[in-house]
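Data first, discussion second: the structure below is written as structure tokens.
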Amino acid sequence: MASPGKHCCILLLFLHLQASACLHRQPADSAAVSLEHDIGSNERVKAKQYLIPAERGLGQLQSSDASRRKLLQTPGAAVPLPPLKVLSDGQPCLLFQARKLSLRYDKQKHLDLTERAFSPQKPVDTSQSVCRKDKATLVMRFGDVEDLKGLSIRLQLSNTFYESSGQWWFSVDSVSLLYNISEEAAFNASEVYAPASSSYRCIHVSSLERYSALLLPGTDQARRWSITFTDFQIQAFSVTSGKFSPASDCTTFLTPAILMGLVTSLILLLVLAYALHMLIHLKHIEHDEEHKADVYFPKSPEHLEQYCVENLTEKNVM
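Mapping of the sequence shown onto mature numbering (1 follows the signal peptide of the UniProt record, and there is no 0): residues -21 to -1, 1 to 297, in sequence order.
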């Protein structure tokens, strides 16, 4: 058996080793904790570094969107110009608008008056325009334009009550070009009318044939001029709140859609007529085939003689 002294030595040695192990473990644990702290701080720093470019990218996107919006809102963008307003006793009595207004004399270049007529920065002079109960006149004075002195465009309108429809109708009666003090080119307007409670709108109101020629030359001088209003809209006599009422669109009988419908209908009628003709023809052929099946064809000369004798006797009996 081991002695008690030896047991005591072994116990003391075990306690010493355990204490030294605990002392060595504490610095390792503290190092691990500091390492975890360093890793966490590094991750937070990296996260901040990633967040900063993301925020910068978002700011760049927002700035680019803002720049796009600014580009879209530039004055050069295609924005409809406001309509002209003629006032009577401080209230609007006539509205007029067109996307494009162009003139041409003989074979000279086109003269675009759109900006001069509808620009909100420098509106055209309409001080000579007049509104009455049954008559209205819109006068646009452009002044000197290239070689034309004192150019003006005058639209004459009238308001008429028709008992057949039981309502008032307004119409554009004439369009005149006044220039060089005393010269005038007058056009008579045809089929430019609408109910007084509505506005009149047409894609083209022009003196050109390719645009249906709603403006017809009324003088020899007018034959040398061409005038075209694009996206023409006008309203007089029943203007409320300074805005156009629902529009009465111009319609022509031979529009492209109507022409295509007529051509398609004609083709279908031709196909139907041909089909009926072939059906009747087939019935005649079938009837002829049935008739041929009843005809007797003799197989030999003796049968032929006998058939002829029988036919003669039948004829004699009849």
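We treat Cβ as the ideally placed atom computed from N, Cα and C, and that holds for glycine.
First through last residue of the beta strand (DSSP E) which encompasses residue i
i	result
Glu163	Glu162 to Ala168
Phe75	Gln70 to Gln76
Gln212	Trp204 to Ala215
Ala226	Ala226 to Asp228
Val65	Leu63 to Ser67
Whole-angstrom C-beta distance between residue j and residue i, which should lie under 8 angstroms
i	j	result
Phe149	Ala173	7 angstroms
Ser137	Asp113	6 angstroms
Leu187	Asn167	Contact flag wrong, Cβ pair sits at about 15 angstroms.
Ala215	Ala115	5 angstroms
Val65	Thr105	6 angstroms
Ser185	Ser227	Actually they do not touch by this definition, with Cβ atoms about 19 angstroms apart.
Counted within 10 angstroms of its Cβ, other Cβ atoms place residue i as buried (16 or more) or exposed
i	result
His183	buried
Met239	exposed
Ile264	exposed
Ala175	buried
Leu193	buried
Ala252	exposed
Pro62	buried
Gln146	exposed
Pro225	exposed
Ala254	exposed
Val171	buried
Leu92	buried
Gly36	Reliability of the predicted coordinates at Gly36 is poor, the pLDDT of 43 falling under 50, and the value obtained from them is presented with this limitation in mind. Exposed is the call here.
residue 309	The question about residue 309 has no answer, for the chain in this structure spans -21 to 297.
residue 299	The requested residue 299 does not occur in the structure, where the chain is confined to residues -21 to 297.
Ile246	exposed
Met119	buried
Arg180	buried
Val242	exposed
Ile73	Ile is not the amino acid found at residue 73; the sequence shown has Leu there. Leu73 comes out buried.
Ser244	exposed
Val154	buried
Leu117	buried
Gly69	exposed
Leu248	exposed
Would you call the stretch 158 to 171 in contact with the stretch 121 to 128, where contact means no fewer than 3 C-beta pairs closer than 8 angstroms?
yes
May I ask you to verify whether the stretch 202 to 209 touches the stretch 71 to 91, counting CB pairs closer than 8 angstroms and requiring at least 3?
yes
Fully enclosed by the stretch 82 to 113, which alpha helix (DSSP H) runs are 4 residues long or longer?
93 to 97
Taking three-plus beta-carbon pairs below 8 angstroms as touching, is the stretch 213 to 231 in contact with the stretch 98 to 106?
no
Note down, one range per segment and in chain order, each alpha helix (DSSP H) of at least 4 residues found wholly within the stretch 109 to 195.
none
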